[in-house]
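Below is one structure; the comments refer to it alone.
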C-alpha cells in the first residue's frame, strides 16, 4: 500500500510518500530516503520511486519525502537551508516509525542527501546509513553546479544568452536558486570525524572508484567494505541534465547493505 500525505509542523508541512512492506516478506524494518537537492532532485525522482518499489517488495517499508522549500513540501524555494533539512530528516524518521510501526529505521542518502543524512545522525539513532553516490562536500557540489551552469548557458544547442542576461542570474544555477546563506551552509558541509556520528553501520555505494579523494574519505568513514557500482554516472556532464538518473543495477547492492550482507 502506498500513502501520500503531509507531515511535520502544521505551519510548514513536508510532503511524504510511505510504501508498506510486502507482507509476505515483511522484515520489520523501514527506510527513509533522503533525496538530492536542486536539479539532481528532479533527475533522480523517478529512480527513487523505483527503488522504493524494489525494497518494499523485498520486505522493507519505505518513506520518501521532500525537504522544506523543495519538491511538493511547503516553503518558498529561496528559504531552504541545511539546518532545516537536517531537522526534516529527523522528522521523517519519526514519521516513518509511526507510519510503518517499525522502530528499526535506516537512512539512505543520494548525492548531497548522503551528507545531510550523515549529519542528521549526530543526534539521531538509526540502524544503518547507506550513502549512495555520495558527494564529498557541499563545496564540491556548488563547484560542480556552477561549472555545469556556465556550460549550459553557453551551449548553442540549448539557447543563446547575452553576457548581460547571464549576469542577472546571480545565485541561480541550473534553474534553482541558492541563497548566499544556503551557499555558506553548503560550504561548511563535509565528511567529518567518524566519532561525531551515532550510527555504527555505515555503507557506501559509488560508481566513482577513480575519485581517489572520495574513496579515501569513504573508506575512513564506512564500517563495511566499499561497494562499487558498475553503472557509471557522470554527474558533471551538462549534456545529461535533462536525462533521468538510471541506476537500477545498484538496487541489489543497496538491498545487500540493508540486509547486512
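Residue numbers (the working numbering): 144 to 404. Each residue gets a CB set at the ideal place from its N, CA and C atoms; glycine is no exception.
At which residues does the alpha helix (DSSP H) containing residue 401 begin and terminate? Where residue 401 is concerned, the enclosing alpha helix (DSSP H) starts and stops at 394-402.
Under 7 Å: does the beta carbon of residue 199 sit that close to some heavy atom of the ligand HEM? Absent from the structure shown: the ligand HEM. Ligands present: none.
Tell me whether residue 172 is buried or exposed, calling it buried when 16 or more other Cβ atoms sit within 10 Å of its Cβ. Buried: at least 16 other Cβ atoms inside 10 Å.
Out of curiosity, what's the CA-to-CA distance linking residue 306 and residue 316? Here residue 306 scores only 48 on pLDDT, less than 50, and its place in the model is too uncertain to base an answer on.
Where do the ends of the beta strand (DSSP E) carrying residue 146 lie? Following the DSSP letters along the chain, one finds residue 146 inside the beta strand (DSSP E) bounded by residues 145-150.
Looking at C-beta atoms only, is the number of pairs between the segment 211-220 and the segment 271-289 that lie closer than 8 Å three or more? Verdict: no, contact absent.
6 Å CB neighbourhood of residue 381 in its chain, flanking five on each side removed: Result list for residue 381: 291, 294 and 295, in chain order.
Cα-Cα separation between residue 145 and residue 297, rounded to whole angstroms: The straight-line gap from Cα to Cα measures roughly 42 Å.
Decide if residue 199 is buried, meaning its Cβ has at least 16 other Cβ atoms within 10 Å, or exposed. The residue is buried, with at least 16 neighbouring Cβ atoms inside 10 Å.
Just the Cα atoms here: how many angstroms apart are residue 150 and residue 353? For residue 150 and residue 353, the distance between alpha carbons rounds to 40 Å.
Going by the DSSP bridge assignment, what does residue 271 pair with across the sheet? DSSP lists 344 as partners of residue 271.
Beta-carbon gap between residue 320 and residue 261 smaller than 8 Å: Not in contact: residue 320 and residue 261 (Cβ atoms no closer than 8 Å).
State the CB to CB distance for the pair residue 236 and residue 270, rounded to an integer number of angstroms; the pair is presumed to be in contact (CB under 8 Å). Not quite, the Cβ-Cβ distance comes to about 11 Å (not below 8 Å), so this is no contact.
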